[in-house]
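There are 2 protein chains.
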Amino acid sequence: MIILRTPKGWSGPREADGHRVEGTFHAHQVPLAVSRGNPEHLARLEQWLRSYRPEELFDAAGAPVRDLDPLMPTGDRRMSANPVTNGGLLLRDLTLPDFRAYAVTVDRPGRPDASATGVLGGWLRDVIAANPDRFRLFGPDEVESNKLGAAFEVTDRAFVGRITPDDEDVSPGGRVLEVLSEHLCQGWLEGYLLTGRHGVFTSYEAFIHIVDSMVNQHAKWLKVTRGIPWRRPIASLNYLLSSHVWRQDHNGFSHQDPGFIDHVVNKKAEVVRVYLPPDANTLLSTMDHCLRSRHYVNVVVAGKQSGPSWLGMAEAMLHCQRGLGVWDWAGTHQGEDPDVVLACAGDVPTLETLAAAALLREHLPELRVRVVNVVDLMRLQPDTEHPHGLPDAQFDAIFTRDRQVIFAYHGYPWLIHRLTYRRRNHANLHVRGYKEEGTTTTPFDMVMLNDLDRFHLVTDVIDRVPGLGERAASVRQRMVDARAECRAHTREYGEDHPRITGWRWPATP
Amino acid sequence: MIILRTPKGWSGPREADGHRVEGTFHAHQVPLAVSRGNPEHLARLEQWLRSYRPEELFDAAGAPVRDLDPLMPTGDRRMSANPVTNGGLLLRDLTLPDFRAYAVTVDRPGRPDASATGVLGGWLRDVIAANPDRFRLFGPDEVESNKLGAAFEVTDRAFVGRITPDDEDVSPGGRVLEVLSEHLCQGWLEGYLLTGRHGVFTSYEAFIHIVDSMVNQHAKWLKVTRGIPWRRPIASLNYLLSSHVWRQDHNGFSHQDPGFIDHVVNKKAEVVRVYLPPDANTLLSTMDHCLRSRHYVNVVVAGKQSGPSWLGMAEAMLHCQRGLGVWDWAGTHQGEDPDVVLACAGDVPTLETLAAAALLREHLPELRVRVVNVVDLMRLQPDTEHPHGLPDAQFDAIFTRDRQVIFAYHGYPWLIHRLTYRRRNHANLHVRGYKEEGTTTTPFDMVMLNDLDRFHLVTDVIDRVPGLGERAASVRQRMVDARAECRAHTREYGEDHPRITGWRWPATP
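Protein chains in written order, with the working numbering: chain A, 1356 to 1864; chain B, 1356 to 1864.
See below:
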């Protein structure tokens, strides 16, 4: 590599308006304002251009003289035809182990508990091992704390400095690029993708905002290059965000920000995808899809803590293919028109929604409840707005045209409104999500502070479904009391109430 | 200043589980997992804590022994009571020159043309001069290109390195902190505010995303400290964003991103404010307000290019106080129910909306048109959502309950839907804004590429207002033709059609 340092504006006009240009800040932007009709600047521009003796370089018709022909590169040596500038030409598919072999065996909905990213880690380990020349994992010292540490069974963190006996899992040839600078991770990964290789960037959800401006530029590049016929697609830029807003353990308010999704969906629909798999099997299926995709920005948000496994692998694959779907087993009175739709996106909102569905089944068994889970967030948009958008007829069939919809969402609630405001039933859609409340506290206190908890979702149903308010007054009161009881427990014991930590989806009768 | 560098985990337990802790990565997070019921770790924790000989430090009741009393600081020397940690205690108001003296004299709407930030620059210059100990301007080498260069009539860029004869406006005592690192600018300004002083951060709109993550943390700090009684409010964090999405001159797609507004409005409503003054006088009034405010994040987006001055200073002040308002002079058939509302926010959308209103007046004089301009974006939200939110009755009075509203917005159009989805007339609200189209081209081509241009706004009116479609078919056709003509002109001459550059608001009959 050659690094050439030159004066700014080197070889340009030396001066203008009585000050030096070359080598000074005056060489920035437009040193000669010719377009403004400045005759002195125009004369200086001409003088400078003539210093290149164009009469020796061009013929009378303005074409380069033939003597110059041998200087011009041909074929792949032409700058834009050189494969190193068009990595898609060099792209080879990843060798992907069959993700189904890593599946959690789900005996019945909710069993067993598993760490979604922990399970994924096993698959990613084998992706790394199977692709020693074309796949890397990038992250700001969070690979281990995002539960992807299995990677270190087959590789190390790349490090070319001095390694001490106290260091672990570091070596110059490591396939994991870990450094506490999101900017470096992003820049390295972008560069790596542009060479025709593949990668995943894993980060705490809140801190991926650090690269907002960089992902903007990459997304804009993807949008523009989609329209350039000779540019071959490159591997997608994959984000796996964990340690998310709802599960901060010993961290607090500073670590709670689900807004990267909002940021990304402002970019051109053709190049952005957002996935919120609710458990381990759906995460496996989602990541396999992302690593096969091309020329997108994929944002995947998933939990690292142990949580319920809802779907067996066959179901999980179908669910991910559809992007969203009715979970019949979680609702009541299947085959009938629902009185209310409980929708959810994200692992913690899914847990709270399922727990709310179980409470409704127990306390209001006559209520017809439909549960809908969303993995692919862009399905919510009309198909005129996003390639993944669900056609209106299908959306109406799932979310109904006139029933109340209580939507528990992982991030800022208004994003769901933004995606659905054109839908027929939008006026009946009520979204719960993160509203900048909470700090270092228990997981269930976090959802209570943001009104996303199971008890609040049940009161939302009671308050919204016509005719239910008076009939269900005592159920409502029990929900309010349950919140108070759970809150008090956190304040006394510093952990969640056993009725929360011990809750499991009940065996369907 | 003393900098002390210590081993990580210094003075903590030396080792655990057979590996060194102190001075290694093992000292990060939770070296002893006592909470998991690990008896060996518990014993080691006790051993470590006992090494401090607590029996010498605490009495039988657990209180510090009296011998220690003299070590404890009192009064203002207590850590959190020290005024240097509570800058609001030291805060002194700025000496603000009367901004009305800097006003553009508006003969009639639209005259004369003026650069909004250029006019503001004169006032900011005098703010700097009047507050040599408590105000600074921060920016990534864009003070001059954002047309705030008047600052350099009274001060310099701060620079403590070697200054050469080619440098201009730099000195160690300069009050402008300019460095091409938005991170440094943001960090410096946050620190400066925390000492009880005041400042403004000026940046290109697209690149302020670089500090997304930092402004998150500051906004969270503002939210939390609002609830701490002894914390005194500090000066607001003021952003003046120019060189915005619509006017990029020789820059292109990479410089076009109006999403910082979207990012900021995800933070707690109590601490965020967003202003889009449409001309020089409204910008003066807005910035005066921001520099008097406390404990907010204020985002002000304003143009730097020469553009129409719509309001005289007295009107501008009233308009800014209201935050939004009907511009009677721009509509038709005042005092009657409108057939359509043309709303706008931002300088370029305001220009296009006014030009559309003039076209409607000319071609469809019987149409009753109301023009509404929005300066304070948060007025659009319900008052239950934001302190600046307009009560529903007022919103309905201005935007009507059932008439079509064509809203021309500066940024991503869905933000307006997000802010207004609870409003009664939301289903009739149609927003035009930036949709990631365009690159280095003319100003009018930019608005055409994003369907925000005057001609498109007129066709939106014709397509939306019931009964107008058939009657106005020939007007509609003229608009489509005008777009084609203007597009062709840009392709032939590389600049906008004279009917665009020469357009002025017509004298009201």
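Even glycine gets a Cβ: it sits at the ideal position worked out from N, Cα and C.
Just reading off the alpha helix (DSSP H) that residue i is part of, what are its end residues?
i                 : result
ILE1855 (chain B) : 1853 to 1856
GLY1542 (chain A) : 1537 to 1549
VAL1461 (chain B) : Run containing VAL1461 (chain B): none; DSSP gives neither H nor E here.
VAL1474 (chain A) : 1471 to 1485
HIS1618 (chain B) : 1615 to 1619
GLY1528 (chain B) : Counting along the chain, GLY1528 (chain B) falls outside any alpha helix (DSSP H), and DSSP gives it neither H nor E.
ALA1752 (chain B) : 1747 to 1754
ALA1505 (chain B) : Looking at the DSSP string, ALA1505 (chain B) is not in any alpha helix (DSSP H), and its letter there is neither H nor E.
Hey, would you say residue i sits closer than 8 Å to residue j, going by beta carbons?
i                 : j                 : result
TRP1568 (chain A) : PHE1493 (chain B) : According to the sequence shown, residue 1568 (chain A) is Ser rather than Trp. No, Cβ-Cβ distance for SER1568 (chain A) and PHE1493 (chain B) is not below 8 Å.
HIS1785 (chain A) : PHE1762 (chain A) : yes
ASN1486 (chain B) : THR1450 (chain B) : yes
PHE1556 (chain B) : GLN1541 (chain B) : yes
ALA1748 (chain B) : ASP1702 (chain B) : no
ASN1606 (chain A) : VAL1459 (chain A) : no
LEU1544 (chain B) : GLY1529 (chain B) : no
GLU1560 (chain A) : SER1591 (chain A) : no
VAL1760 (chain A) : ASN1780 (chain A) : yes
TYR1776 (chain A) : TYR1776 (chain B) : yes
LEU1639 (chain A) : PHE1799 (chain A) : no
LEU1697 (chain A) : PRO1663 (chain A) : no
LYS1659 (chain A) : GLY1473 (chain A) : yes
VAL1626 (chain B) : VAL1620 (chain B) : no
LEU1400 (chain A) : VAL1389 (chain A) : yes
LEU1774 (chain A) : GLU1792 (chain A) : no
LEU1475 (chain B) : MET1733 (chain B) : no
At what residues does the beta strand (DSSP E) containing residue i begin and finish?
i                 : result
PRO1663 (chain B) : 1661 to 1663
ILE1817 (chain A) : Element bounds for ILE1817 (chain A): not the beta strand (DSSP E) but the alpha helix (DSSP H), 1809 to 1819.
GLY1554 (chain A) : 1553 to 1559
GLY1494 (chain A) : 1490 to 1494
ASP1600 (chain A) : The question names Asp, but residue 1600 (chain A) is Val in the sequence shown. VAL1600 (chain A) -> no beta strand (DSSP E), and no H or E assigned at all.
ARG1628 (chain B) : 1627 to 1630
LEU1774 (chain B) : Note, LEU1774 (chain B): premise wrong, no beta strand (DSSP E); alpha helix (DSSP H) at 1769 to 1775.
Please classify residue i as buried or exposed, where buried requires at least 16 neighbouring CB atoms within 10 angstroms.
i                 : result
TYR1594 (chain A) : buried
HIS1599 (chain B) : buried
VAL1566 (chain B) : buried
THR1506 (chain A) : Here residue 1506 (chain A) turns out to be Ala, not Thr, going by the sequence shown. The residue is buried, with at least 16 neighbouring Cβ atoms inside 10 Å.
ARG1855 (chain A) : Before going on, a small fix: residue 1855 (chain A) reads as Ile here, not Arg. Under this definition ILE1855 (chain A) is a buried residue.
TRP1665 (chain B) : buried
LEU1823 (chain A) : buried
PRO1768 (chain B) : buried
GLY1373 (chain A) : exposed
ILE1771 (chain A) : buried
GLN1603 (chain A) : buried
ASP1431 (chain A) : exposed
THR1429 (chain A) : exposed
MET1356 (chain A) : exposed
ARG1491 (chain A) : buried
For the segment 1596 to 1622 of chain B, list every residue whose C-beta sits within 7 Å of some C-beta in chain A, in sequence order. Those would be PHE1608, SER1609, ASP1612, GLY1614, ASP1617, HIS1618, ASN1621 and LYS1622, in chain order.
Three or more C-beta pairs below 8 Å linking the segment 1645 to 1655 of chain A and the segment 1575 to 1587 of chain A: Taking 8 Å as the limit for Cβ pairs, the verdict is that the segment 1575 to 1587 of chain A does touch the segment 1645 to 1655 of chain A.
Is it the case that the segment 1664 to 1674 of chain B contacts the segment 1603 to 1617 of chain B, given that we only count it when at least three CB pairs across the two stretches are under 8 Å? With the cut-off at 8 Å, the segment 1603 to 1617 of chain B and the segment 1664 to 1674 of chain B do not touch.
The segment 1431 to 1449 of chain B contacting the segment 1543 to 1563 of chain B, beta-carbon criterion three pairs below 8 Å: yes
Counting only Cβ-Cβ distances shorter than 7 Å, please list the residues of the segment 1774 to 1795 of chain B near chain A, keeping chain order. TYR1776 and GLU1791
Quick check: the segment 1623 to 1632 of chain B against the segment 1418 to 1436 of chain B, are at least 3 beta-carbon pairs closer than 8 Å? Output reads no: the segment 1623 to 1632 of chain B does not touch the segment 1418 to 1436 of chain B.
Contact between the segment 1807 to 1818 of chain B and the segment 1711 to 1731 of chain B is defined here as three or more beta-carbon pairs at a separation below 8 Å; is this criterion met? yes
Relative to chain A, which residues along the segment 1359 to 1388 of chain B have a C-beta separation below 8 Å, given in chain order? Against chain A - using a Cβ distance shorter than 8 Å - the residues of the segment 1359 to 1388 of chain B are HIS1374, ARG1375, GLY1378, THR1379, PHE1380, HIS1381, GLN1384 and VAL1385.
Closer than 7 Å between beta carbons: that is the criterion. Which residues of the segment 1562 to 1588 of chain B meet it against chain A? PHE1562, HIS1564, ILE1565, ASP1567, SER1568, ASN1571, GLN1572, LYS1575, LYS1578 and VAL1579
Kindly confirm or deny that the segment 1379 to 1386 of chain A and the segment 1359 to 1367 of chain A touch, where touching means at least three C-beta pairs closer than 8 Å. yes
Of all the residues that make up the segment 1757 to 1770 of chain B, which are near chain A by a beta-carbon distance shorter than 7 Å? TYR1767 and TRP1769
Three or more beta-carbon pairs under 8 Å between the segment 1506 to 1517 of chain A and the segment 1469 to 1480 of chain A, yes or no? yes
Note down, in chain order, all residues in the segment 1510 to 1529 of chain A with a beta-carbon under 9 Å from any beta-carbon belonging to chain B. THR1519, PRO1520, ASP1521, ASP1522 and GLU1523
Which of the residues in the segment 1623 to 1654 of chain B, read from start to end, lie with their CB under 8 Å from any CB of chain A? LYS1623
Could you please tell me which residues of the segment 1734 to 1755 of chain B, in chain order, have their CB closer than 8 Å to any CB of chain A? none
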